[in-house]
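What follows is a set of notes on a single structure, which appears directly below.
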Amino acid sequence: MKNNILVIGGGPAGLEASAVLSRMGYNVILAEKEKRLGGHLAKWDRLFPDQTPAKEVLDGLLDGIKDVKCFTETDVNSINLLDRSFNAMLSNGITILADAVLLASGFDMFKAEKKEEYGYGIYDGVMTNADMEQVFREGKTFSPAPKAIGFVHCVGSRDEKAGNPACSKVCCATAVKQAIETKELYPEANVYCFYMDLRMFGRHYEDLYLRAQKAGIRFIRGRVSEVAETSEGRLLVKAEDTLSSRPVKVTLDRLVLMAGMRPSEAGHKVGRQLNLSVEEDGFFSSRDGFLSLQKSKLPGLFYAGACTGPKTLPDTFHEARSAAMEIDRYIKENFRK
Amino acid sequence: MIYLLTSNILQISPEGIIDRYPNSYNHFVLPFVIGISFILVYLFIGLVRILYHLTGEDRIKLLKSLFKPKTAWKNIKDIFCDCLLHTKIWKRKPLLGYMHSAIAFGWFLLIVVGHIEVWLFAPRHLSGLTEGSLYYPIFYRFFIWINPAHETLRGSVFFFIMDFLLLYVLSGIGLAMFKRVRSIALGMRHTTKPSLADRVALYSLWLIFPLRLLAEGFTADLSGGGFLTRPLNWVFRAFFGNELNFLPTWWAYSICLGLFFLAMPFSRYMHILTEPLLILMRNAGLKVRKPRKGFAEAEIYACSSCGLCLDACPMNVQKKNLKYSSVYFIRFLRRHNKRKTREIADKCLMCGKCYALCPVGVNSPAIRRALRETQNNNIKCDYSYLEDASSKSSATLAGKAGGKILYFAGCMSHLTPVIIKSVETILKASGQDYEFMDRNEGICCGRPLMLAGRTEAAQKTIQANSRIIRESGCTTLLVSCPICLKIFKEEYSLNGIEVIHYTQLVDRLIKEGKLKVSKSSSAIVYHDPCELGRGCGIYEEPRNVLSSVAELKKASKERDESICCGYSMGTLTLDEKDKAKIAESSVTSLMAENPDEIVTACPMCYRAIRSKAEVPVKDFAEIVCENIEK
Amino acid sequence: MIDFGFSFSPSSRINLDKADKEKFLSLAALEPDVLKCMACGSCSASCTAGAFEDTSVRKAILSLQNGLSDDAVKLLNHCMLCGKCTMVCPRGINTRHLILSIQKIYGK
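Protein chains in written order, with numbering that gives the first Met the number 0: chain A, 0 to 336; chain B, 0 to 629; chain C, 0 to 107.
Take a look at the structure:
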């Protein structure tokens, strides 16, 4: 008998874990709330640090889940623990009895309109990192060609007022990547990055930073605090250049907000039904911070990916694979004696 | 018409009233006489001290106002309505209002009618202290004997009235006792903890009237009595026989009165005597200048410590912050506790709700500001740059804004670009000629400095801005921030340039037909910003407009009872977490009728409410823009 | 000091050994927020007074930590307490009260 395993969330973590679990011989059922699989990865154009097309990675992931039962546009309506197994009712009417559940609900993008002073949704020229990826992915261009573009790091991250004091980890590298791509598209444009601290921590990230510097991108160490509109409809951006200790203002045509990661609302809905505990930042709390990272407090329920905090794609894939191994061990210990 | 009946032992007046005591004196009056003398001396000294601490200018202002017919009439009306009838409490909480008016107005009438009775029936006793005028009318029933055969209709009417009034007061006292046990029944969630003097005064006040009933009941067969005292007398006779020893109850009655007056200056009940003075001073247009002396002292002693401000204070959402309410602030001020008063003064949001709802009208935000002034006004600063800045700004505006609207967005609106953009859209759509005063660089209006107690510094920014506004030649100054609006209206002298909030302008534009809006099906609720509503009295204009662009729902607390959003510029020390709690409670009140959207008209409120609301939050101008008919 | 008729130009190097840590700690005891600044510059960027004169809460805090209290007071001299810095501070520092406290403690 094949054990049923329910994977909630069809983003990178859910897809990779499903692939590994199905290779191990489990009967994997994947529920994804959106129309297509891939999560935020499916909306991205290219990935840092080496600008690998997101589609390549996604296709690789989808190749691995041929034996997985995927339900898209499907919510988990209710889920509860019966004795040893989980009973889940999906919105498509299917009820599943799963011996283990992997929660891979990922993250939601921070709603940039919450930072009123940046004018997202008010000024036409203000957009988010996700909007920018869409532009790249669809091969659109701005016309007239922008003369100046700015990238604001830490929008809704490291910000108590926005309800998220933590760093979202990936925005710095994303901003530098997008800045380079923008500069490649519009070599004449002045490109600025407004950062608080540049957190280029991963392998090859520093190279990306150097590439950006060489491309002539101007890095200003200061957080943008005000965006106004000039009489010509351009954006007047105010920040402090903290390195020269002077307030700066610059007129831009586009301002790209690096919206951070917030816990997924859909994930919370599942978490509430199972009484899963979340930490102060809103992300789920693992059983411990070192040896049981993928385990929840509930036996048989595991985590992978950004549902336990912001993560890069490689981190997410590591977690997905180790979650699969933890699930395998759990099933063997509890169901195959 | 006074003549002697039996030598000089019994004197008889025309109604057949006979003095039972030759000199109209008995030792039991002593506690009362001591008490009333003490309070009268105390009052006199207090009055002199308050007047002494007023500035000369204020004293003259006060004196003049007393003789101005209009103010004099207002004084009488206010004293009658506020001190006796307590109309302000009636309006909000009828049962509580009845309780207060029963005790205050009832007691007042007892004294007045009692004196009239004495004046009519024993005129001799109103002349001179030695004849007992201080206590005689109070204990009138003890000193006289009326031959029942001589009782006239006139006398009976008084017996009835006096007993009726006593019943009226007793009903109030009964409610007051009930309120101690269950305050919520009278509409109060929080009540203050009474101090020792409060307790002494309170319990003696409670006892005064039942004891009066007992005492007058005991003597009713001699002095005569009405529908209360006479039957009571029959009951006593039935129990104790015909020989009633009634002196102890009169002693008890007098002791309670004396105790009450002795405890009064140290208790909350001082408000009874101070409130009329406060009314006179307020109607004279005096302002709080020092936090503890002069006018402020009158305000402090006029506080009845009723605790209505506890329910009003937006900080009451957290129990730990109840101690920052006005009632405790005033109490600590009265006790000269500097550390506590400073702490409370700095914490306050200055939302003004306690002032708006105070039955006495104690302006504690003004006292808090005055206290902040003693701490912060002398901080060294350098505002020399403002002159230069205002010249530059004047030069750029010169000749451009003549005869037009001058729009001052203010510091905070620059952090909410949606407001600026929407206001400009409305101005353009309605064909208004306008000039932007602070598109790039502006000078602060001065209200935040003022609220922090830095009055002198605020004057510098006021001067700088006044110059720009006056020299621009504009006819109307349009502001989108209620904080700015308040100070522009109160502290600026702009040579007749109209200062107007954008909610007022939009209302006017729609009425004049210059702006056409259509009604959407969305259900909205409007949050009254403190500075706009309680601060400037603007409640109707935004509602007029909003009800023509959407379906306007009600909040559980609105208009002058609206709950501050928590982001007020008024507080100096309240931390982010506490502010967030207040924002939450404000949102909860707004969501009472489950509206689709929340609308407000202040950049601070906009940000605060957005941070907590689950439904979309829009600015007033934004929602108007969405519904402009093209 | 003996007057030699000439002077060495003062070093522009900040000497942390000489910074008055006691006074800063007493400020921090009163205003724990002062330790929370991460120097993002939002306050200076939106500062109303900063558009005219050198005004910065961020720099003032840094100056105090470096023992340059005169500089700190000068940087806040022009402040109009408008509160924009409080609104934009991502760490939720109560800048307005901090400014008042710095002025009161170091301004004498």
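Virtual Cβ for every residue (Gly too), placed ideally from N, Cα, C.
Per DSSP, what kind of secondary structure is B/W630 in: helix, strand or coil?
Since the first and last residues shown for chain B are 0 and 629, residue 630 of chain B lies out of range.
Which residues in the same chain as B/T129 place their Cβ atom closer than 8 Å to its Cβ, once the five residues preceding and following it in sequence are excluded?
In the second sequence, the residue the question calls residue 129 of chain B occupies position 130. The predicted model places B/T129 with a pLDDT of 48, which falls under 50 and marks its position as unreliable, so this point remains unresolved.
Is B/F245 helix, strand or coil when you go by DSSP?
As a working mapping, residue 245 of chain B is identified with position 246 in the second sequence. Correct three-state label for B/F245: coil.
Apply the 10 Å Cβ neighbour rule to B/K556 and answer buried if 16 or more other Cβ atoms are within range, or exposed otherwise.
As a position in the second sequence, residue 556 of chain B is number 557, starting the count at 1. Label assigned to B/K556: buried.
Which residues in the same chain have their Cβ closer than 8 Å to the Cβ of B/H270, if we skip the five residues on either side of it in sequence?
Mapped onto the second sequence, residue 270 of chain B falls at position 271. Hits under 8 Å: Y300, A301, C302, S303, S304 and V359.
Does the beta-carbon distance from B/C630 to B/E274 come in below 9 Å?
Residue coverage of chain B in this structure runs from 0 to 629, which leaves residue 630 of chain B outside it and unanswerable.
Mind listing which residues of the stretch 79 to 96 of chain C have their C-beta closer than 8 Å to chain B's C-betas, in chain order?
M79, L80, C81, G82, K83, M86, V87, G91, N93, R95 and H96
State the beta-bridge partners of B/T475 as determined by DSSP.
One-based indexing of the second sequence puts residue 475 of chain B at position 476. Note: B/T475 sits in a beta bridge opposite B/I404 and B/E497.
Count the other CB atoms within 10 Å of the CB of C/R12; is the residue buried (16 or more) or exposed (fewer)?
Position 13 of the third sequence holds residue 12 of chain C. Flag for C/R12 reads exposed.
If you draw a straight line from the alpha carbon of B/R609 to that of B/P416, how long is it in whole angstroms?
The sequence position of residue 609 of chain B within the second sequence is 610, counting from 1. The sequence position of residue 416 of chain B within the second sequence is 417, counting from 1. C-alpha separation (whole angstroms): 14 Å.
Is the Cβ of A/L254 closer than 9 Å to any Cβ of chain B?
In the first sequence, the residue the question calls residue 254 of chain A occupies position 255. Output row for A/L254: interface = no.
Residues in the same chain with beta-carbon distance under 7 Å from B/G569, minus the five sequence neighbours each way, listed in chain order, please.
The residue you call residue 569 of chain B lines up with position 570 of the second sequence. Cβ within range, chain order: C347, L348, M349, C350 and L450.
Smallest Cα separation from B/G173: which of B/W250, B/D197 and B/L95?
The count along the second sequence starts at 1 and reaches residue 173 of chain B at position 174. Ranking B/W250, B/D197 and B/L95 by Cα distance to B/G173 puts B/L95 first.
6 Å Cβ shell around A/E112 - same chain, five flanking residues per side excluded
Numbered from its first residue, the first sequence carries residue 112 of chain A at position 113. If we look at A/E112 and ignore the five residues flanking it on each side, its Cβ neighbours are Y119 and G120.
Per-residue DSSP class, three states only, for A/F301:
Within the first sequence, the letter at position 302 stands for residue 301 of chain A. In this structure, A/F301 counts as strand in the three-state DSSP scheme.
Quick check on this structure: which residue in C/S10, C/N14 and C/D19 has the alpha carbon closest to the alpha carbon of C/S68?
For this step, residue 68 of chain C is matched to residue 69 along the third sequence. Minimum Cα distance to C/S68 is reached at C/D19.
According to DSSP, is A/E318 part of a helix, a strand, or is it coil?
Along the first sequence, one-based indexing puts residue 318 of chain A at 319. Of the three classes helix, strand and coil, the one that applies to A/E318 here is helix, per DSSP.
Would you identify the three-state DSSP class for A/M195, choosing helix, strand or coil?
The residue you call residue 195 of chain A lines up with position 196 of the first sequence. DSSP places A/M195 in coil when its eight states are reduced to three.
Throw me the rounded Cβ distance for the B/D595 and B/I486 pair, which I believe falls under 8 Å.
The count along the second sequence starts at 1 and reaches residue 595 of chain B at position 596. The count along the second sequence starts at 1 and reaches residue 486 of chain B at position 487. Not really, about 34 Å apart at Cβ, beyond 8 Å.
Answer with yes or no whether the minimum CB distance from B/P290 to chain A is below 9 Å.
Working through the second sequence from its first residue, we reach residue 290 of chain B at position 291. Answer no: the Cβ-Cβ gap between B/P290 and chain A never drops below 9 Å.
Name the residue from B/V112, B/L195 and B/V117 whose alpha carbon lies nearest to the alpha carbon of B/Y268.
Translated into the one-based positions of the second sequence, residue 268 of chain B becomes position 269. It is B/L195 whose Cα lies nearest to the Cα of B/Y268.
With three or more beta-carbon pairs closer than 8 Å as the criterion, would you say the stretch 68 to 78 of chain C touches the stretch 257 to 267 of chain A?
no
Checking contacts by CB at 9 Å: is A/I121 closer than that to chain B?
What you label residue 121 of chain A is simply residue 122 of the first sequence in a count that begins at 1. True, the Cβ-Cβ gap to chain B drops below 9 Å.
Quick one: list the residues of chain C neighbouring A/K237, beta-carbon separation under 8 Å, in chain order.
Along the first sequence, read from residue 1 onward, the residue named residue 237 of chain A stands at position 238. Those within 8 Å of A/K237 in chain C are A44 and S45.
Based on DSSP bridge pairs, tell me the residues matched to A/R245.
In the first sequence, counting from the first residue as 1, residue 245 of chain A sits at position 246. Bridge partners of A/R245: A/D240.
Specify the secondary structure class of B/S567 as computed by DSSP and reduced to three states.
For the purposes of this step, residue 567 of chain B is taken as residue 568 along the second sequence, with counting starting at 1. Of the three classes helix, strand and coil, the one that applies to B/S567 here is coil, per DSSP.
Measure the C-alpha to C-alpha separation of B/V47 and B/L65 and round it to an integer number of angstroms.
Translated into the one-based positions of the second sequence, residue 47 of chain B becomes position 48. Translated into the one-based positions of the second sequence, residue 65 of chain B becomes position 66. Looking at the two C-alpha atoms, the distance is approximately 17 Å.
Member of C/M86, C/F51 and C/Q64 whose CA lies at the smallest distance from the CA of B/Y384:
The residue given as residue 384 of chain B occupies position 385 in the second sequence. Residue C/F51 is the option with its Cα nearest to B/Y384.
With a threshold of 9 Å between beta-carbons, can A/V226 be considered close to chain B, or not?
For the purposes of this step, residue 226 of chain A is taken as the residue at position 227 of the first sequence. Yes, contact with chain B.
Less than 9 Å between CB atoms is the rule here; does B/V168 satisfy it with respect to chain A?
In the second sequence, the residue the question calls residue 168 of chain B occupies position 169. Not closer than 9 Å to any Cβ of chain A, the Cβ of B/V168 fails to qualify, so no.
For A/C69, write down the residues that DSSP places opposite it in a beta bridge.
Numbered from its first residue, the first sequence carries residue 69 of chain A at position 70. Its beta-bridge partners are A/L29.
With 9 Å set as the bound, which would you pick, yes or no: does the beta-carbon of A/M195 sit closer than that to a beta-carbon of chain C?
Counting from one through the first sequence, the residue named residue 195 of chain A turns up at place 196. Chain C, which has a Cβ nearer than 9 Å to the Cβ of A/M195, makes this yes.
May I ask you to list, following chain order, the residues of the stretch 567 to 580 of chain B that have a beta carbon less than 7 Å from some beta carbon of chain A?
E575
Quick one: which chain B residues come within Cβ less than 8 Å of A/G232?
Here residue 232 of chain A refers to the residue found at position 233 when the first sequence is read from its first residue. Simply none; closest approach about 11 Å.
Proximity test, Cβ basis, 9 Å: B/I627 and chain C:
Working through the second sequence from its first residue, we reach residue 627 of chain B at position 628. It does not: the Cβ of B/I627 has no partner Cβ on chain C nearer than 9 Å.
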